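The next block holds one structure in the form of structure tokens; read it before the comments.
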Amino acid sequence: MRTALNFAVLLLALGLCESLQRGYVGEEPEPVAEPSKYGSLWPLPQKVQISDVSYKLSSSNFRIVDGKLSYADPSCSLLQDAYRRYFDYIFGLTRKHGPKSGRTGPSELTELQVWITSPDTECDGYPSLASDESYELSVQLPYAVLKAPKVWGVLHGLETFSQLVYEDEYGVKNVNSSEINDFPRFAHRGILLDSSRHFLPVQVILDNLETMAMNKFNVFHWHIVDDPSFPFMSKTFPQLSQKGAYHPYTHVYTPADVKKVIEFARVRGIRVIPEFDTPGHTQSWGKGQTDLLTPCYSGSKPSGTFGPVNPILNSTYDFMKQFFKEISTVFPDAYIHLGGDEVNFSCWKSNPDIQKFMTDHGFGQDFSKLESFYIQKCLHPDTVVHVWIGGKSNEEMHNVTAAGYTTILSAPWYLDYVSYGQDWRRYYQVEPLGFNGTETQKKLVIGGEACLWGEYVDATNLSPRLWPRASAVAERLWSAMDVTDLGDAWNRLSPHRCRMVERGVPAEPLFVSYCPREYNGV
Numbered sequence: 001m002r003t004a005l006n007f008a009v010l011l012l013a014l015g016l017c018e019s020l021q022r023g024y025v026g027e028e029p030e031p032v033a034e035p036s037k038y039g040s041l042w043p044l045p046q047k048v049q050i051s052d053v054s055y056k057l058s059s060s061n062f063r064i065v066d067g068k069l070s071y072a073d074p075s076c077s078l079l080q081d082a083y084r085r086y087f088d089y090i091f092g093l094t095r096k097h098g099p100k101s102g103r104t105g106p107s108e109l110t111e112l113q114v115w116i117t118s119p120d121t122e123c124d125g126y127p128s129l130a131s132d133e134s135y136e137l138s139v140q141l142p143y144a145v146l147k148a149p150k151v152w153g154v155l156h157g158l159e160t161f162s163q164l165v166y167e168d169e170y171g172v173k174n175v176n177s178s179e180i181n182d183f184p185r186f187a188h189r190g191i192l193l194d195s196s197r198h199f200l201p202v203q204v205i206l207d208n209l210e211t212m213a214m215n216k217f218n219v220f221h222w223h224i225v226d227d228p229s230f231p232f233m234s235k236t237f238p239q240l241s242q243k244g245a246y247h248p249y250t251h252v253y254t255p256a257d258v259k260k261v262i263e264f265a266r267v268r269g270i271r272v273i274p275e276f277d278t279p280g281h282t283q284s285w286g287k288g289q290t291d292l293l294t295p296c297y298s299g300s301k302p303s304g305t306f307g308p309v310n311p312i313l314n315s316t317y318d319f320m321k322q323f324f325k326e327i328s329t330v331f332p333d334a335y336i337h338l339g340g341d342e343v344n345f346s347c348w349k350s351n352p353d354i355q356k357f358m359t360d361h362g363f364g365q366d367f368s369k370l371e372s373f374y375i376q377k378c379l380h381p382d383t384v385v386h387v388w389i390g391g392k393s394n395e396e397m398h399n400v401t402a403a404g405y406t407t408i409l410s411a412p413w414y415l416d417y418v419s420y421g422q423d424w425r426r427y428y429q430v431e432p433l434g435f436n437g438t439e440t441q442k443k444l445v446i447g448g449e450a451c452l453w454g455e456y457v458d459a460t461n462l463s464p465r466l467w468p469r470a471s472a473v474a475e476r477l478w479s480a481m482d483v484t485d486l487g488d489a490w491n492r493l494s495p496h497r498c499r500m501v502e503r504g505v506p507a508e509p510l511f512v513s514y515c516p517r518e519y520n521g522v
């Protein structure tokens with residue numbers, strides 16, 4: 001009897017678990033899988049025409065080459081490396097290198113010719129906020145043509161061409177006759193990774209940059225230091241990482257590491273913008289730089305703890321000037337992110353020297369004025385405001401743009417917040433210009449970033465937590481404003497996720513499904 005009772009309870013529990021699970025999943029409609037007329041293109045180009053006429057490709061005959069009219073030549077290693085990379089992506093394990101076989105069929109495409117149409121190809125330069133990323137792609141016989149003013153557009157066009165290629169039921173590579181005219185809606189399309197809360201090995205960063213290029217992201221926002229650790233190795237102030245990193249030798253980014261990341265990103269059209277957040281989030285700084293942080297007081301005596309950067313000392317600004325001068329020589333981008341958020345005022349309030357400074361400057365007890373005093377002494381005239389997380393991001397976007405500031409948005413795209421179900425849909429449905437404002441205000445929005453903060457993220461779970469959820473943000477920032485069909489998005493994003501998996505990215509599933517080539521592990 002007891003055994004029967006236990007068995008009944010077990011069945012009841014299992015039934016309850018199953019009903020809860022099914023009820024939870026049932027809150028979202030199950031996607032209806034059907035081929036999109038745009039194939040698996042992601043993000044969707046601005047103008048696309050794909051016909052039913054298909055051409056075959058073979059690894060023994062197909063080549064990606066510079067067009068005769070191109071301003072680029074074989075000395076442009078950025079392009080030559082990209083040609084090899086995308087050839088391998090297209091043909092995968094079936095690729096063959098060597099001379100052409102000479103035998104081609106009547107419907108075989110044998111070349112993708114790449115034409116740089118501007119005398120200044122920017123082959124040896126760095127991508128910037130003003131970079132021209134546009135391209136035109138025509139897939140017709142006798143050869144396909146990819147045209148772009150700069151190398152940055154070519155990189156995006158190569159990714160698009162690789163996404164047009166598919167396998168038929170016999171395993172033969174095919175591509176349909178296509179005409180594509182494309183450019184990004186927003187110039188700043190970023191991913192933030194946090195390497196302070198958990199150290200991210202360089203290879204993990206490089207792998208993420210590779211995946212970013214697959215999704216046409218063009219900014220790596222490197223939140224490189226924070227309260228927990230200072231892994232950036234400074235030549236000017238080596239004690240910062242020696243005393244502030246988790247480990248002074250194994251958990252630091254050497255100058256060679258940083259250079260490697262920047263170059264790997266550059267040849268994929270990605271800017272690297274470092275963030276050195278001040279005056280808050282600086283506990284790790286204080287371990288290696290004496291008198292940089294504010295001494296906190298308990299009553300009339302120092303408590304032995306420290307708060308944000310001390311904004312009333314000239315030595316603070318002397319240090320910052322020297323430090324950021326070095327940073328500007330290490331990182332070639334025109335922008336450095338200064339953070340400036342989440343400053344706890346309690347330590348400043350407790351410090352008698354800070355209180356006197358406040359009185360002398362007429363700040364009263366408004367410590368936000370002291371924060372502004374510090375920020376203004378660090379800012380440059382061409383400041384871009386980053387709208388972080390908050391329940392009133394639309395209101396904040398209105399206020400910041402009304403003040404005339406160039407703006408980027410992250411508030412709706414904190415990907416470290418995980419939830420059960422298809423949360424990519426929520427990220428996809430965000431409209432960056434959905435706030436109340438004039439056309440002039442909305443022109444100040446240059447893009448956005450998906451953020452993956454590192455409290456619960458390290459090398460073990462970064463990629464599956466980030467991809468393909470970040471892909472939803474990628475399309476919102478690249479594609480036209482009216483590209484909002486969730487059904488069509490699902491039917492393109494699902495095979496795009498499988499493509500990333502085939503390329504070695506452990507991108508998590510969107511829903512119940514399978515990939516023709518499943519992830520094989522590391």
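Numbering (the working numbering), first residue to last: 1 to 522.
Glycine included, C-beta positions come from ideal geometry on N, C-alpha and C.
Model, not experiment: these values are computed from the prediction.
Extent of the continuous alpha helix (DSSP H) to which residue i belongs
i, result
"Leu164", "151-164"
"Val261", "255-266"
"Pro464", "462-466"
"Trp478", "469-478"
"Cys347", "346-350"
"Ala507", "It is not in any alpha helix (DSSP H) - Ala507 carries neither H nor E in the DSSP assignment."
Neighbourhood of residue i by C-beta, 8 Å cutoff - its chain only, sequence neighbours within 5 removed
i, result
"Trp42", "Gln163, Asn215, Ser471, Ala474, Glu475, Arg492, Leu493, His496"
"Glu395", "Phe435"
"Ser234", "Leu240, Ser241, Phe323, Glu326"
"Val65", "Tyr83, Glu111, Leu112, Gln113, Val114"
"Asn344", "Gly280, Gly307, Pro308"
"Tyr249", "none"
"Arg499", "Ser40, Gln163, Met214"
Distance between residue j and residue i (C-alpha atoms, nearest Å)
i, j, result
"Ala187", "Val512", "34 Å"
"Leu209", "Pro468", "14 Å"
"Asp488", "Glu431", "17 Å"
"Ser463", "Arg503", "13 Å"
"Gly98", "Gly454", "Confidence in Gly98 is poor, its pLDDT being 47 and thus under 50, which makes the residue's placement too unreliable to answer from."
"Glu263", "Gly171", "36 Å"
"Gly23", "Arg425", "Confidence at Gly23 is low in this model, with a pLDDT of 43, below 50, so the placement of that residue is unreliable and no value is reported for it."
"Ala130", "Asn218", "12 Å"
"Ser70", "Val139", "17 Å"
"Pro433", "Gly299", "Looking at the sequence shown, residue 433 is not Pro but Leu. Using only the alpha carbons, I get a separation of about 48 Å."
"Asn61", "Gly269", "28 Å"
"Ser196", "Val457", "11 Å"
"Lys301", "Phe373", "26 Å"
N-terminal and C-terminal residue of the beta strand (DSSP E) that residue i is part of
i, result
"Pro295", "293-298"
"Ile408", "406-409"
"Gln49", "47-57"
"Ser178", "173-182"
"Phe323", "Premise fails: Phe323 lies in the alpha helix (DSSP H), 314-330, not in any beta strand (DSSP E)."
"Gln376", "Not the beta strand (DSSP E): Gln376 falls in the alpha helix (DSSP H), residues 367-378."
"Pro302", "301-309"
"Cys451", "445-452"
Beta-carbon proximity of residue i to residue j, cut-off 8 Å
i, j, result
"Tyr427", "Lys377", "no"
"Pro45", "Thr160", "yes"
"Ser134", "Gly153", "yes"
"Thr110", "Arg185", "no"
"His281", "Asp226", "yes"
"Ile375", "Ile312", "no"
"Leu383", "Ile446", "Note on residue identity: the sequence assigns Thr, not Leu, to residue 383. No. Outside cutoff."
"Ser58", "Glu122", "no"
"Pro231", "Ala245", "yes"
"Phe276", "Ile191", "no"
"Asn176", "Val53", "yes"
"Asp81", "Val267", "yes"
Residue environment, residue i, which counts as buried when at least 16 other CB atoms sit within 10 Å
i, result
"Asp485", "exposed"
"Pro352", "exposed"
"Leu466", "buried"
"Met481", "exposed"
"Gln21", "Low confidence applies here, because Gln21 scores a pLDDT of 45, under 50, leaving its location unreliable and the question unanswered by this model."
"Asn310", "buried"
"Pro516", "exposed"
"Gly157", "buried"
Cβ neighbours of residue i in the same chain (closer than 6 Å, five flanking residues each side left out)
i, result
"Thr117", "Lys147, Pro149"
"Pro332", "Tyr126"
"Pro201", "Ala459"
Neighbourhood of residue i by C-beta, 7 Å cutoff - its chain only, sequence neighbours within 5 removed
i, result
"Trp478", "Pro43, Pro184, Arg185, Arg189, Lys216"
"Lys243", "Lys287, Gly288"
"Leu370", "Pro311, Trp348, Met358, Phe363"
"Asp168", "Asn174"
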